[in-house]
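Q: Numbering (this note's numbering), first residue to last: 23 to 197.
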C-alpha cells in the first residue's frame, strides 16, 4: 500500500495542486504581475516545482513513517525511489502547468479533478493493472500514474533493480 500512497501523493501535489493553483493565479493576474517584475519565467517555474518537491518530501517521510509503524519493510535502492519521485513530479507538474496554461481556471479545476480520478483508477494506483483485461493493460501501462506506481512497487516492494520501462515512460511524459 505504501508505494501506491506515495504515487498518489506525488500525483496529487504535482498535478492537481499545481494545475489548480496556477490556474487561479493566472485568472487573478498574479502571474501577469510577476511577469512585470525582474523574475524570469524559468525561475518561477523552477520555484513552483521546488515547492512541490519540498511538499512531497514531507509527505513521503510521513507516509514511510506510518508504513514503518505498521510493520512495512521496504526493499530496493532508495536512490531509485528518489529518481522515480523526481521524474513523476516533473511529469505531473508539466501536465498540471499545461492544463493551467491552456484552460480557464474553473475548467482547469474540473478537468484536473476528473483527470486525477482517471489516473487514480486507470493508472494502477487504486486498482492494480493486473485486474484489467490484457488489452487494456497494454495501453494503461503507459500512463504516468501507472509508470510511477509500478516503478515504486517494483523497487520498494519487490526490491527489483532499475525499472527501465517505467523510467522511460516517465521521461517521455516529462518531455
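C-beta atoms are modelled at their ideal positions from N, C-alpha and C, and glycine is treated no differently.
Since this is a predicted model, take the numbers as computed values, not measurements.
Given a cut-off of 7 Å, decide if residue 170 and residue 29 are closer than it, judged by their beta-carbon atoms.
A: Between residue 29 and residue 170, the gap from beta carbon to beta carbon is short of 7 Å.
Q: In its own chain, which residues sit with a C-beta less than 7 Å from the C-beta of residue 100, not counting the 5 before and 5 after it?
A: none
Q: For the region 43 to 54 and the region 114 to 131, state whether three or more C-beta atom pairs, one from each stretch, are separated by less than 8 Å.
A: yes
Q: Is residue 79 helix, strand or coil by DSSP?
A: helix
Q: Straight-line CA distance for residue 117 to residue 41?
A: 8 Å
Q: Does the separation of the CB atoms of residue 143 and residue 36 fall below 7 Å?
A: no
Q: From which residue to which residue does the alpha helix (DSSP H) around residue 48 run?
A: 40 to 49
Q: Quick one: what does DSSP say residue 194 is sitting in, helix, strand or coil?
A: helix
Q: Could you spell out where the alpha helix (DSSP H) holding residue 172 opens and where it closes?
A: Looking at the DSSP string, the run of the alpha helix (DSSP H) that includes residue 172 is 166 to 174.
Q: With respect to the alpha helix (DSSP H) encompassing residue 138, which residues constitute its N-terminal and C-terminal limits?
A: 127 to 144
Q: If you check the beta carbons only, do residue 151 and residue 162 fall under 7 Å apart?
A: Taking 7 Å as the Cβ cut-off, residue 151 and residue 162 qualify as a contacting pair.
Q: Which of the three DSSP states is assigned to residue 147 in this structure?
A: coil
Q: Tell me whether residue 188 is buried or exposed, calling it buried when 16 or more other Cβ atoms sit within 10 Å of its Cβ.
A: buried
Q: For residue 76, does the count of other Cβ atoms within 10 angstroms reach 16, so buried, or fall short, so exposed?
A: exposed
Q: DSSP state of residue 180, grouped into three classes?
A: coil
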